[in-house]
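Participant: Protein chains in written order, with the numbering used here: chain C, 979 to 1222; chain S, 979 to 1222. Quick reminder that beta carbons are idealized off the backbone N, C-alpha and C, glycines included. Note that this is a predicted model, so its numbers are computed, not measured.
#1: CA-CA distance, residue 1131/S and residue 1154/C?
#2: List the residues that DSSP assigns as beta-bridge partners of residue 1086/C.
#3: Name the chain C residues that come within less than 8 angstroms of residue 1058/S, Cβ to Cβ?
#4: I'd like to check one pair, residue 1039/S with residue 1100/S: are the Cβ atoms closer than 8 angstroms?
#5: Quick one: list the residues of chain S neighbouring residue 1065/C, beta-carbon separation under 8 angstroms, in chain order.
#6: Would you check if the distance between the CB atom of residue 1086/S and the CB atom of residue 1219/S is smaller than 8 angstroms?
#7: Taking CB distances under 8 angstroms as the criterion, tell me whether residue 1003/S reaches chain C.
#8: Check residue 1058/S in the structure and name its three-state DSSP category.
#9: Please confirm whether residue 1006/C and residue 1023/C have their CB atoms less than 8 angstroms apart.
#10: Short of 9 angstroms Cβ to Cβ, which residues in the stretch 1098-1125 of chain C face chain S?
#11: Using C-beta distances below 7 angstroms, list every residue in its chain close to residue 993/S, excluding the 5 sequence neighbours before and after it, in chain order.
#12: Within the chosen definition, does the stretch 1088-1108 of chain C reach the stretch 1065-1084 of chain S through at least 3 CB pairs nearer than 8 angstroms?
#13: Determine the closest residue to residue 1059/C out of 1150/C, 1148/C, 1169/C, 1009/C, with distance taken between C-alpha atoms.
#14: Tell me the DSSP secondary structure of residue 1125/C in three-state form.
#15: Buried or exposed: which applies to residue 1175/C, given that a residue is buried once 16 or more other Cβ atoms fall within 10 Å of its Cβ?
#16: Can you pull the chain C residues whose beta carbon is under 9 angstroms from the beta carbon of residue 994/S, in chain order?
#17: If you compare alpha carbons, which of 1118/C, 1190/C, 1125/C is closest to residue 1198/C?
#18: Is the stretch 1039-1050 of chain S close to the stretch 1012-1022 of chain S, with three or more CB pairs under 8 angstroms?
#19: Out of curiosity, what's the CA-to-CA distance linking residue 1204/C and residue 1081/C?
#20: Note down, in chain order, every chain C residue with its Cβ under 8 angstroms from the Cβ of residue 1161/S.
#21: Using beta carbons (cut-off 8 angstroms, strictly below), is residue 1209/S in contact with chain C?
#22: Would you mind telling me which residues of chain C sit closer than 8 angstroms to residue 988/S, beta carbon to beta carbon, in chain order?
#23: Please compile the residues from chain C whose C-beta is within a distance smaller than 8 angstroms of the C-beta of residue 1068/S.
#24: Have a look at the DSSP bridge pairing and note the partners of residue 1093/C.
#25: Name the one or two DSSP bridge partners that residue 983/S has.
#26: Taking DSSP as the reference, what is the three-state secondary structure of residue 1214/S?
#27: I'd like to know whether the C-beta atoms of residue 1208/C and residue 1171/C end up nearer to each other than 8 angstroms.
#28: Where does residue 1034/C land, buried or exposed, given buried means 16+ other C-beta within 10 angstroms?
#29: Determine the extent of the alpha helix (DSSP H) in which residue 1116/S is found, giving its start and end residues.
#30: Who are the Cβ neighbours of residue 1077/C in its own chain at under 7 angstroms, not counting the five residues just before and after it?
#31: Going straight from the alpha carbon of residue 1214/C to that of residue 985/S, what length do you get?
#32: Do residue 1108/S and residue 1161/S have their C-beta atoms within less than 8 angstroms of each other?
#33: Can you check which of these residues, 1169/S, 1046/S, 1114/S, is closest to residue 1151/S by C-alpha distance?
#34: According to the Cβ coordinates, are residue 1177/S and residue 1134/S closer than 8 angstroms?
#35: Name the DSSP bridge partner or partners of residue 1022/C?
#36: Between the alpha carbons of residue 1221/S and residue 1163/S, how many angstroms are there, rounded?
Written out as structure tokens, the structure reads:
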């Protein structure tokens, strides 16, 4: 028996999130079904990060135990031939038997994509948040720097378990402009539930002049609540999960 | 009564082509249904170009007659609010009553997108043809130049009507490399049915060393047949239809 680590990409549009839910099409469910078609009889695969319905992934990580008699390359090919076109195994590795994709992760990196257009765009709206009227991005670099470091993000998401703490360490965060698009990159040890979409929503609210910067600072420093709101799921992509 | 010209973009994945077919979801059918929800009672809209199932458009052109009592901007907004997310009206104009989007077109421009990767890619494969192993693109600029000018393209497609001729004038054609992607651009007075997908297939066959260049030249000069084959629909996009 060996433990395998998979790096997965998927278009989240037609998934009801990553975690298995009975009667729904999920990343975990599809991956387990694909493995079973190859003869795997395990209970369940482990996933590094939880992604909501509509959230995409380029570097989700999964792990499972199996005795596969052929090469890793053959496993990858066989599995990709058994998965739907909106999901692909980018890499397969053998890892230590105690490897856990969630508990062993030292960092996660997300990207959020926005485009500024007055009109719907059938080619981009599946993967980005359309914002109009446009905002001035001048304040965005300053906002991104707020998040860096260890903070209590209780105003920006909820912990995965009800009794969990809300401290997280952001290693880096930044905004990048490309034509009519803006990309937000953020890397942290871990994230609260819906934290990236919340951070994006709050930053855009400030950029649009609808939320004073001071309120955001107080939410971060003192845990004061902020007006509710989330950037839509389809702009978010889990880029990478890192291990030491 | 006025004649309106619409410029349409759509993701062709979930359309059974552009032309109305009973019981199928088509571009024409969806557009007519959207107009009827606004109170339009016309018979049918006219489309500039026929696109197959899976073929995308950035600049398809449609026309129809109506007496719309409000502004063009209001028509565009109302129509976009009544169309599915995979289709958008990019522009609305009033044109001469005799304007016909197909017969009056002086040129059409298409783009075909290819990417070179060993693995499926859930984000690109909806909009591009994945080719592997990679080919050397050295011969592509030379091949593109073959098409330019007036030629009998009988080996590269069929006329829209069985009795139609197969002469077409290509105004420009070229290949462009961007990272692991190749883009083929072509503009002509008109195209035969499936001509762009056929031209792409043939050029890639030559680039892969599977088809001698001389055979292609003879097909173009003397109408000699070539091995069958089409580049897949999803790489193709109708970019623009031009009028004098």
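Facilitator: Checking against the coordinates, here is how it stands:
#1: If you draw a straight line from the Cα of residue 1131/S to the Cα of residue 1154/C, it is about 46 angstroms long.
#2: Answer by DSSP bridge pairing, in chain order: 1166/C, 1219/C.
#3: 1097, 1098
#4: no
#5: 1100
#6: yes
#7: no
#8: helix
#9: Taking 8 angstroms as the Cβ cut-off, residue 1006/C and residue 1023/C qualify as a contacting pair.
#10: 1098, 1099, 1100, 1101, 1103, 1104, 1105
#11: 1003, 1004, 1005, 1031
#12: yes
#13: Closest in alpha carbon position to residue 1059/C, among 1150/C, 1148/C, 1169/C, 1009/C, is 1009/C.
#14: helix
#15: buried
#16: Going along chain C, no residue has its Cβ under 9 angstroms from residue 994/S, so there is no contact; the nearest lies around 16 angstroms.
#17: 1125/C
#18: yes
#19: 30 angstroms
#20: Those within 8 angstroms of residue 1161/S in chain C number zero; the least Cβ separation is about 15 angstroms.
#21: no
#22: Result: 1100.
#23: Near residue 1068/S (Cβ distances below 8 angstroms), the residues of chain C are 1097.
#24: 1108/C, 1159/C
#25: 1041/S, 1071/S
#26: strand
#27: no
#28: buried
#29: It is not in any alpha helix (DSSP H) - residue 1116/S carries neither H nor E in the DSSP assignment.
#30: 981, 983, 1041
#31: 30 angstroms
#32: no
#33: 1169/S
#34: yes
#35: DSSP, once it has assigned bridges, lists no residue as partnering residue 1022/C.
#36: 19 angstroms
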